[in-house]
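Engineer: Here it is: the structure, laid out below.
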Amino acid sequence: MSLVGFFKNLRVRYKLLFSYLTVFCVIIALGSMVIYSIVRNTIEANIESELKNSTDAMLNMVRTSVSVSIKNHLRAVAEKNLEMVTHLYSLYQKREFTEVQARRLAESLLLSQRIGTTGYIACVSSGGVMVVHPEAEWIDQDINRYGFVQQMREKRHGYIEYNWKNPGEAEARPKAMYMAYFKPWDWIIAVSSYRKEFRALVSIDDFRDSFLSHQFSESGYAFVTDKKGNVIIHPSLQGVNVIDEKAFPRHLLETILKEESGKIVYPWQSPGESRMRDMLVLFNYLPEYEWIVASSSYLDEFYAPLNKVSNVIIFTVLGCILLVMPITALISASITNPLAELVKRLEQGAKGDLSVRMDRHSEDEVGRLAGYFNSFMARLEDYSRNLEAEVKERKEVEVALRFSENRYRSVIEAMPDAMVVYDMEGKVTYLNPAFSDVYGWTAEECIGRKLDHFVPKENWEETRKGLNTITSGNPLSSVETRRLTRSGHIIDVSIRGAVYRNPEGHQVGSVVIHRNVSDLKRLEKQVMDIGDRERQKIGQDLHDDLCPHLIGVEGLGKVLVRKLSEKAPEEAELAEKVTGLVKDAITKTRRLARGLCPVYLVDHGLESSLRELAANTESVFGVACRFLCQAPVLIRDNLVATHLFHIVQEAVHNAVRHAQATAITITQDVDGDRITLCIHDNGKGIPADLKTDGMGLRIMGFRANMIHAR
């Protein structure tokens with residue numbers, strides 16, 4: 020079993036105990052590490068800062084001590100030579116020497132002295148011209164180009180330091196100079212030497228005690244050594260060359276001498292001690308004298324407070340653990356005991372006793388939990404009663420729904436019209452038996468597939484419009500179209516459709532009903548054919564029977580008018596009017612006959628009838644109507660020509676009566692193997708959103724369908 024699984028199976032009190040102890044120990048450990056790290060870093064920073072400051076102080080003290088020794092020595096030499104020159108000048112004044120002799124004697128005395136190793140005495144005038152110098156080429160040279168000469172001219176008496184590089188040397192070296200001014204000869208007596216050459220003149224005893232008095236921690240100390248390993252100042256090793264002594268770690272001192280400035284930690288056993296300890300040394304370089312000034316201390320003496328802090332942290336952690344354990348046990352008991360009681364009550368409730376309750380003894384979280392439990396059980400008891408009643412009611416509803424479903428399913432299956440249910444992807448989910456009876460495909464062949472194979476190519480455009488109407492959420496009213504059966508026959512159908520939605524209101528599919536109207540179309544065609552035949556018969560009777568009869572009456576009327584004009588002129592006028600009325604009746608009868616039977620002669624054809632229709636429209640209604648024949652066409656089927664004529668006639672009459680057109684054009688053209696008839700007018704037309712069921716438009720549609728026109 021893994022550690023996680025073992026922890027999950029522990030009781031709550033042990034989980035609380037282990038969790039608190041773990042979190043507490045982790046926090047204390049992290050806090051202790053942080054504190055220890057901060058204290059250690061602080062101590063190390065303080066150690067290095069203290070040693071660095073001490074080293075800098077020692078370095079400055081040594082530099083100052085040496086500088087004072089140099090200054091005092093140069094001052095003594097300068098003042099002694101000033102006294103000597105003054106004495107010679109006094110002998111000149113006493114006439115013991117000439118001034119030239121006194122000057123030469125003074126120059127020889129000044130140039131005969133050596134300051135340190137290579138130092139010398141020179142004299143410069145207040146104008147910056149070299150007067151006395153050991154090297155003859157410098158005599159009478161203007162040396163104002165050097166910066167320190169300006170200080171000499173301004174001060175004339177005192178101490179200055181500057182860097183000087185002799186010809187042929189790579190780097191400038193620090194020099195020290197003390198000046199004394201002899202006014203009678205305008206001499207600035209300058210005593211100078213390189214600072215490094217004054218090491219032998221420095222008395223270490225002058226500042227040794229004050230240097231060694233600086234102590235760091237319990238046994239730390241400062242020391243000075245030169246670049247050759249000679250210990251100049253040390254509490255116990257002064258005068259020893261540690262490089263030559265085999266007992267000392269030579270490589271450590273070589274590192275110090277090489278780096279000249281920095282810090283180093285190394286093991287060191289001081290004289291009189293029994294063990295080696297790590298020592299921290301910070302050192303710095305005094306280049307003027309090639310000395311290294313260092314401050315040192317043992318690390319264990321600096322870290323002694325840190326060890327005390329570690330001990331305090333350890334004892335504090337142990338004490339806190341001993342204190343947390345009983346407190347955690349008490350707190351966990353106050354939580355787990357009520358939880359155990361709650362688990363017991365829940366077990367009773369799980370067995371079916373929903374009347375179980377808990378006693379509430381406090382107002383804390385445990386008391387609130389008991390209150391919530393009691394409220395939960397009370398609601399659960401109410402829900403149980405309501406659920407039982409709802410289950411009973413739902414069962415009754417399910418029985419009623421099942422009965423209603425069976426009833427409607429029986430209605431759908433007994434419905435003579437074909438019904439198809441699609442999903443939103445256009446796949447079939449249900450077919451009623453009438454679909455198989457009408458089209459020949461079974462439900463097994465169609466369910467789960469798209470029914471795009473039974474739509475003729477020429478009917479796809481109207482089919483897409485109907486699908487767009489349904490998928491947009493609008494119901495599809497009765498639309499007549501054509502479909503293919505499984506046997507390859509084309510039948511006329513009337514289609515209606517609508518979408519159905521889920522309880523959330525989202526579209527999930529559509530229902531489409533197909534009604535086979537082929538028989539109805541056939542009956543309509545028969546009725547239309549019968550009407551056309553009767554119309555032609557009536558037209559022929561009017562033309563062949565009534566018109567000759569009216570022509571005879573017209574002839575008799577003319578004879579009557581001629582006879583009455585001689586005997587009774589007034590009655591002759593009335594008879595002439597009657598003759599005119601009969602003549603008008605003949606014209607109207609002929610027009611009516613040609614309207615009822617416009618192509619009664621195959622030889623005249625559709626083109627002649629359309630020209631006559633245009634002429635009659637213009638003469639009867641007073642509307643400009645013309646017929647344009649782009650390509651002559653001979654239609655041998657008189658029935659087809661009759662239907663085409665009546666379609667054009669109905670369109671022209673609609674343009675005159677309803678569109679209130681004043682100009683109509685009838686155009687006949689041939690487009691490949693198709694005849695095109697177009698009727699254009701300048702009337703107001705029919706609005707696109709107007710839905711009309713006018714008889715004229717329906718008859719035009721029927722006629723077009725009967726001759727398979729579009």
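With this note's numbering as the guide, the letters of the sequence shown map in order to residues 20 to 729. Backbone N, C-alpha and C define an ideal beta-carbon position, used for all residues, glycine too. As the structure is a prediction and not an experimental result, all values here were calculated from the model.
Helix, strand or coil: which one does DSSP assign to Tyr39?
Structural biologist: Within the sequence shown, numbered from 1, the residue matching residue 39 stands at position 20. Note: Tyr39 maps to helix in three-state DSSP.
Engineer: What would DSSP say about Tyr458, mapped onto helix, strand or coil?
Structural biologist: Indexing the sequence shown from 1 puts residue 458 at position 439. Tyr458 falls in the helix class under three-state DSSP.
Engineer: Hey, would you say Leu301 sits closer than 7 Å to Val284, going by beta carbons?
Structural biologist: The residue labelled residue 301 in the question sits at position 282 within the sequence shown. The residue labelled residue 284 in the question sits at position 265 within the sequence shown. The Cβ atoms of Leu301 and Val284 do not sit closer than 7 Å to each other.
Engineer: Arg152: which of Gly720, Ala633, Tyr139 sits nearest, CA to CA?
Structural biologist: By one-based count along the sequence shown, residue 152 stands at place 133. According to the sequence shown, residue 152 is His rather than Arg. Here the closest residue by C-alpha is Tyr139.
Engineer: I'd like to know whether the C-beta atoms of Val759 and Gly368 end up nearer to each other than 7 Å.
Structural biologist: A query on residue 759 cannot be resolved here, the shown segment of the chain reaching from 20 to 729 and no further.
Engineer: Between the Cα of Gln14 and the Cα atoms of Thr274, Leu231, Gly281, His270, which residue gives the shortest distance?
Structural biologist: The structure shown does not extend to residue 14, since the chain is modelled only from 20 to 729, so the question has no answer here.
Engineer: Roughly how many whole angstroms lie between the Cα atoms of Asp383 and Pro357?
Structural biologist: In the sequence shown, counting from the first residue as 1, residue 383 sits at position 364. In the sequence shown, counting from the first residue as 1, residue 357 sits at position 338. Just so you know, the alpha carbons of Asp383 and Pro357 end up roughly 12 Å apart.
Engineer: Tell whether a beta-carbon distance below 7 Å holds between Asp518 and Ser529.
Structural biologist: Along the sequence shown, read from residue 1 onward, the residue named residue 518 stands at position 499. Along the sequence shown, read from residue 1 onward, the residue named residue 529 stands at position 510. The sequence as given places Val at residue 518; Asp does not occur at that position. Yes. Within cutoff.
Engineer: Thinking just about the alpha-carbon of each residue, which of Val671, Asp560, Val639 is nearest to the one in Phe646?
Structural biologist: If you number the sequence shown from 1, residue 646 lands on position 627. Measuring C-alpha to C-alpha distances from Phe646 to each of Val671, Asp560, Val639 identifies Val671 as the nearest.
Engineer: With C-beta atoms as the reference, is Ala433 less than 7 Å away from Leu450?
Structural biologist: Counted from its first residue, the sequence shown places residue 433 at position 414. Counted from its first residue, the sequence shown places residue 450 at position 431. Not a contact, by the Cβ cut-off of 7 Å.
Engineer: Give the secondary structure of Pro193 by DSSP, where H, G and I count as helix, E and B as strand, and everything else as coil.
Structural biologist: Translated into the one-based positions of the sequence shown, residue 193 becomes position 174. Strand at Pro193.
Engineer: Cβ of Trp183 within 7 Å of Cβ of Cys142?
Structural biologist: Numbered from 1 along the sequence shown, position 164 holds the residue referred to as residue 183. Numbered from 1 along the sequence shown, position 123 holds the residue referred to as residue 142. It is not a contact, given that the beta carbons lie outside the stated cut-off.
Engineer: For the alpha helix (DSSP H) holding Leu130, just list the boundary residues, first then last.
Structural biologist: Residue 130 sits at position 111 when you count from the first residue of the sequence shown. Run containing Leu130: 118–130, per the alpha helix (DSSP H) assignment.
Engineer: Between the region 84–103 and the region 198–217, are three or more C-beta pairs nearer than 8 Å?
Structural biologist: Taking one beta carbon from each stretch, the region 84–103 and the region 198–217 have 3 or more pairs nearer than 8 Å; the two touch.
Engineer: Taking only the alpha-carbon atoms, compute the straight-line gap between Leu83 and Glu273 and give it to the nearest angstrom.
Structural biologist: Stepping through the sequence shown from its first residue, residue 83 is reached at position 64. Stepping through the sequence shown from its first residue, residue 273 is reached at position 254. According to the sequence provided, residue 83 is Thr. The question's Leu does not apply to it. Answer to the nearest angstrom: the Cα atoms are 27 Å apart.
Engineer: If I follow the unbroken beta strand (DSSP E) through Arg502, where does it start and stop?
Structural biologist: Position 483 of the sequence shown, counted from the first residue, corresponds to residue 502. That run of the beta strand (DSSP E) goes 495–503.
Engineer: How far does the beta strand (DSSP E) with Arg515 in it extend, from its first residue to its last?
Structural biologist: Sequence index remark: in the sequence shown, residue 515 carries index 496 (1-based). Unbroken beta strand (DSSP E) run through Arg515: 509–520.
Engineer: Does the Cβ-Cβ distance between Ala674 and Gly702 come in under 7 Å?
Structural biologist: Position 655 of the sequence shown, counted from the first residue, corresponds to residue 674. Position 683 of the sequence shown, counted from the first residue, corresponds to residue 702. Yes; because the gap between Cβ atoms is below 7 Å, this pair is in contact.
Engineer: Can you give the Cα-Cα distance for Gly146 and Ile311, rounded to whole angstroms?
Structural biologist: In the sequence shown, counting from the first residue as 1, residue 146 sits at position 127. In the sequence shown, counting from the first residue as 1, residue 311 sits at position 292. Cα-Cα distance, rounded: 41 Å.
Engineer: Any idea if Cys697 is buried or exposed, counting beta-carbon neighbours within 10 angstroms, 16 or more meaning buried?
Structural biologist: Numbered from 1 along the sequence shown, position 678 holds the residue referred to as residue 697. Exposed.
Engineer: Under 7 Å, do Leu110 and Ala125 count as touching if we go by C-beta distance?
Structural biologist: Position 91 of the sequence shown, counting from 1, holds the residue named residue 110. Position 106 of the sequence shown, counting from 1, holds the residue named residue 125. Cβ atoms of Leu110 and Ala125: not closer than 7 Å.
Engineer: Figure out for me which residue from Glu553, Lys544, Lys602, Gly576 has the closest Cα to the Cα of Ile718.
Structural biologist: Position 699 of the sequence shown holds residue 718. Here the closest residue by C-alpha is Lys544.
Engineer: For Met438, write down the residues that DSSP places opposite it in a beta bridge.
Structural biologist: The residue labelled residue 438 in the question sits at position 419 within the sequence shown. Answer is Ile532, bridged to Met438.
Engineer: Under 8 Å by Cβ, that's how I've got Cys644 and Glu626 pegged, so tell me the actual separation to the nearest angstrom.
Structural biologist: Here residue 644 refers to the residue found at position 625 when the sequence shown is read from its first residue. Here residue 626 refers to the residue found at position 607 when the sequence shown is read from its first residue. That pair is no contact at about 15 Å.
Engineer: Buried or exposed for Gln679, please, with buried defined as at least 16 other CB atoms from any protein chain shown within 10 angstroms of its CB.
Structural biologist: If you number the sequence shown from 1, residue 679 lands on position 660. Exposed is the call here.
Engineer: Under a Cβ-count criterion, where at least 16 other Cβ atoms within 10 Å of its own Cβ denotes burial, should Met408 be classed as buried or exposed?
Structural biologist: In the sequence shown, counting from the first residue as 1, residue 408 sits at position 389. The identity of residue 408 in the sequence shown is Ala, whereas the question assumes Met. It is exposed - the Cβ of Ala408 has fewer than 16 other Cβ atoms within 10 Å.
Engineer: Out of Ser584, Ile570, Leu629, Ala591, which one is the CA nearest neighbour of Asp603?
Structural biologist: As a working mapping, residue 603 is identified with position 584 in the sequence shown. For Asp603, the nearest C-alpha among the options comes from Ile570.
Engineer: Rank Val580, Val578, Arg552, Asp560 by C-alpha distance to the C-alpha of Asn657 and give the top, closest one.
Structural biologist: If you number the sequence shown from 1, residue 657 lands on position 638. Taking only the C-alpha atoms, the option nearest Asn657 is Arg552.
Engineer: In chain order, which beta strand (DSSP E) runs of at least 3 residues are fully inside the region 272–300?
Structural biologist: 281–287
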